[in-house]
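Undergrad: Please find one structure pasted underneath; my questions will follow.
There are 2 protein chains.
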Amino acid sequence: MSVSSQDIPTAAVSRLVTYLRILESLELQDVSRTSSNDLAERAQVTAFQVRKDLAYFGRFGTRGMGYTVPLLKRELMRVLGLNRTWNVVIMGVGRLGQAIANYPGASDYQFAYVGLFDVNPDVVGQDIRGLRVRHADDLGSFARATPVDLGFLAVPPEHAQAAAQTLVSAGIRGVLNFAPTIIQPRTVPGSSDVADEWKQVSVENVDFLAGMKRLAFYTLNPSLRPSELKPSEPKPGELRPSDPQAGNSPDLANTDVEE
Amino acid sequence: MSVSSQDIPTAAVSRLVTYLRILESLELQDVSRTSSNDLAERAQVTAFQVRKDLAYFGRFGTRGMGYTVPLLKRELMRVLGLNRTWNVVIMGVGRLGQAIANYPGASDYQFAYVGLFDVNPDVVGQDIRGLRVRHADDLGSFARATPVDLGFLAVPPEHAQAAAQTLVSAGIRGVLNFAPTIIQPRTVPGSSDVADEWKQVSVENVDFLAGMKRLAFYTLNPSLRPSELKPSEPKPGELRPSDPQAGNSPDLANTDVEE
DNA sequence: CGCTGTGAACGCGTTCACAGCA
DNA sequence: TGCTGTGAACGCGTTCACAGCG
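Protein sequences, first through last, are from chains A and B.
For the first sequence, this note's numbering gives the first residue as 4, with consecutive numbering after it.
For the second sequence, this note's numbering gives the first residue as 4, with consecutive numbering after it.
Structure, rendered in structure tokens:
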């Protein structure tokens with residue numbers, strides 16, 4: 004019950020993000036109710052999976068009824084930590100960093116860019132989105148003055164580790180790494196095990212180039228793709244209710260594909 | 004040997020990309036040999052894992068010796084399909100699409116952008132990186148004239164499904180989706196079961212916003228992070244001081260409360 | 001009854017121990 | 001001797017069947 008202090012599959016967290024996204028979409032369409040089956044279909048997983056994933060964090064539904072969209076959405080936002088504001092700095096304000104800073108949708112979710120940092124003199128001092136680009140060396144003092152929760156790494160891969168170190172040394176505990184490199188969660192030189200500040204740090208990767216290569220592989224080897232069609236809930240005589248609203252896809256069914 | 008038509012964990016494919024990246028880095032440093040232990044450390048997995056992953060695809064090492072960097076690199080490129088050229092079109096040439104088109108590193112790996120497409124009249128006709136932006140409606144005829152292997156989706160999320168459909172209808176079998184949406188691998192309206200062209204399509208996602216949210220979650224709940232410290236290969240002779248294994252459980256994980 | 005919530009079974013991916021070969 | 005390659009064990013995440021409650 005509740006969040007047992009451990010063992011939540013990382014895949015479950017990713018799926019939670021997906022469910023949240025679906026709920027937002029449903030809310031925009033003024034759909035007020037949903038079910039594990041409906042969510043499953045939209046998320047391309049099984050209904051079992053949906054219920055299990057939600058069960059890791061609480062009990063959000065009503066038996067016999069399903070889930071209330073705004074309520075479940077609010078709960079998932081809370082679980083994911085999206086009911087607070089996250090102050091973010093971006094390291095690296097090249098093309099990628101600027102694209103990130105300008106990407107719509109981020110601010111929707113309580114992510115606030117509070118600082119932009121770079122080492123390139125051509126960039127430092129510029130104004131982007133109303134934020135002055137500062138020198139990376141000033142991150143430490145900046146972070147002492149302004150609370151910074153997360154750092155986005157958008158520097159060239161050869162500088163990623165050093166930039167990450169700068170973030171961590173400034174006390175930042177969450178790093179979103181866009182560089183095509185593995186960030187070593189430790190101070191690299193020697194194993195300086197000085198009460199490692201890295202032990203508290205979470206790193207997530209957003210890896211465009213890796214995505215390209217995975218795609219190349221699976222496009223070349225379609226037979227090795229994970230079969231994405233999961234079996235539906237096997238209910239005899241299933242009627243599918245709800246969907247009070249118009250214009251939805253009332254179709255049914257077991258989309259079955261096989262090979 | 005070689006790619007037997009079997010079950011290869013998707014995670015293994017991702018790790019292969021990582022190994023390849025490490026090998027490239029080693030080659031740049033003129034390191035000619037490596038080992039499963041070395042790769043494991045750099046990739047942050049176990050040596051067992053490295054050997055098993057490689058074993059899915061062949062035998063690339065020499066017992067007692069390890070792996071030859073250029074050789075293993077070449078083999079992994081072959082396995083991943085990176086020893087050929089992939090012709091790529093980009094759908095959506097807004098800020099994100101342009102950032103992708105200009106991102107360095109892509110062309111290194113035999114990915115060639117051959118077409119840019121959009122529906123925005125302000126963008127269509129522009130020249131980007133020497134490529135004229137065409138209207139999305141022209142993709143079909145374009146693809147008939149020029150072989151296109153992959154399509155990168157960089158359109159706003161509400162247009163992602165339709166744009167994906169355009170790609171697939173043009174005969175493209177691989178889609179890299181940058182939009183924060185799930186692409187339904189089927190023609191959405193009704194179940195038009197016309198020998199579903201989608202069945203042959205691979206979709207990979209690169210999801211910036213999802214990464215942000217996962218990061219928020221794990222930064223909020225550090226104790227739920229997947230423990231990234233894997234046991235090393237038990238080396239003879241090497242004494243490994245048992246890490247204090249600092250009590251990593253406590254603190255706020257309970258997202259309960261409140262309601 | 002309908003759909004959620006959940007302990008238990010299952011199967012897959014990771015881990016392991018060791019066989020095999022330079 | 002050293003490190004790879006691999007069948008087998010293990011454990012975790014997914015799947016399942018059904019209990020629980022509207």
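Virtual Cβ for every residue (Gly too), placed ideally from N, Cα, C.
Identify the residues that DSSP records as bridge partners of A/TRP89: which are they?
TA: Note: A/TRP89 sits in a beta bridge opposite A/PHE114.
Undergrad: Less than 8 Å between CB atoms is the rule here; does B/THR88 satisfy it with respect to chain A?
TA: Interface residue (Cβ-Cβ distance to chain A less than 8 Å): B/THR88 is not classified as such.
Undergrad: How big is the Cα-Cα spacing for A/LEU26 and B/ALA157?
TA: 22 Å
Undergrad: Using 10 angstroms around the beta-carbon of A/GLU44, count the other beta-carbons present and answer buried if the total reaches 16, otherwise exposed.
TA: buried
Undergrad: Quick check on A/ASN208: does DSSP put it in helix, strand or coil?
TA: For A/ASN208, the secondary structure class from DSSP, reduced to helix, strand or coil, is strand.
Undergrad: Could you tell me the distance, in whole angstroms, from the CA atom of B/GLN47 to the CA atom of B/VAL127?
TA: 44 Å
Undergrad: Excluding the 5 residues preceding and the 5 following A/LYS76 in the sequence, name in chain order all residues of the same chain whose CB lies nearer than 7 Å to its CB.
TA: LEU23, LEU26, GLU27, GLU30
Undergrad: At a CB-CB cut-off below 8 Å, which residues of chain B make contact with A/ASP152?
TA: THR222
Undergrad: Using a Cβ cut-off of 9 Å, pull out every chain B residue sitting near A/ASN40, in sequence order please.
TA: Neighbours of A/ASN40 in chain B, taken as residues whose beta carbon is under 9 Å from its own, are absent, since the nearest beta carbon is some 16 Å off.
Undergrad: With C-beta atoms as the reference, is B/LEU153 less than 8 Å away from A/THR222?
TA: yes
Undergrad: If I'm right that B/ILE186 touches B/ALA167 with Cβ under 8 Å, what's the distance once you round it to whole angstroms?
TA: 5 Å
Undergrad: Would you say A/GLY108 reaches chain B, if we count a Cβ-Cβ gap shorter than 8 Å as a contact?
TA: yes
Undergrad: Taking B/ILE93 as the reference, give the member of B/PRO229, B/THR71, B/LEU142 with the closest Cα.
TA: B/LEU142
Undergrad: Strictly below 7 Å CB to CB, what residues from chain B border A/PRO274?
TA: Given a span of 4 to 262 for chain A in the structure shown, any question on residue 274 of chain A remains unanswerable.
Undergrad: Starting from the C-beta of A/GLY174, find all residues in its chain whose C-beta is less than 7 Å away, skip the five residues before and the five after it, and write them out in chain order.
TA: ALA146
Undergrad: Cα separation between B/THR190 and B/ASP199?
TA: 8 Å
Undergrad: Can the beta-carbon of A/VAL151 be found closer than 8 Å to that of A/ALA139?
TA: no
Undergrad: So what does B/THR3 bridge to, in DSSP terms?
TA: Residue coverage of chain B in this structure runs from 4 to 262, which leaves residue 3 of chain B outside it and unanswerable.
Undergrad: Decide if A/PRO239 is buried, meaning its Cβ has at least 16 other Cβ atoms within 10 Å, or exposed.
TA: Interpretation of A/PRO239 is limited by its pLDDT of 42, a score under 50 that renders its predicted location unreliable; the figure taken from the coordinates is listed afterwards. Exposed: under 16 other Cβ atoms inside 10 Å.
Undergrad: Mapping DSSP to helix, strand and coil, what is B/ARG217?
TA: helix
Undergrad: Identify the contact partners of B/THR13 in chain A, using a Cβ-Cβ distance below 7 Å as the criterion.
TA: Taking the beta carbon of B/THR13 as reference, the chain A residues within 7 Å of it are PRO229, listed in sequence order.
Undergrad: List, in chain order, every chain A residue whose beta-carbon is nearer than 8 Å to that of B/GLN203.
TA: PRO225
Undergrad: Give a yes or no on whether 8 Å exceeds the smallest Cβ distance from A/MET68 to chain B.
TA: Not closer than 8 Å to any Cβ of chain B, the Cβ of A/MET68 fails to qualify, so no.
Undergrad: Should A/ASP40 be labelled buried (16 or more other beta-carbon atoms within 10 Å of its own) or exposed?
TA: It should be noted that the sequence gives Asn, not Asp, for residue 40 of chain A. So A/ASN40 counts as buried.
Undergrad: Going by CA-CA distance only, name the one from B/PHE220, B/VAL16, B/GLY64 that's closest to B/VAL82.
TA: B/VAL16
Undergrad: Take A/THR21 and list the residues in its own chain whose beta-carbon comes closer than 6 Å to its own, dropping the five residues that flank it on each side.
TA: ALA46
Undergrad: Would you mind working out which of B/ARG176, B/ASN180, B/THR149 sits nearest B/GLN164, comparing C-alpha positions?
TA: B/ASN180
Undergrad: Should A/GLU207 be labelled buried (16 or more other beta-carbon atoms within 10 Å of its own) or exposed?
TA: buried
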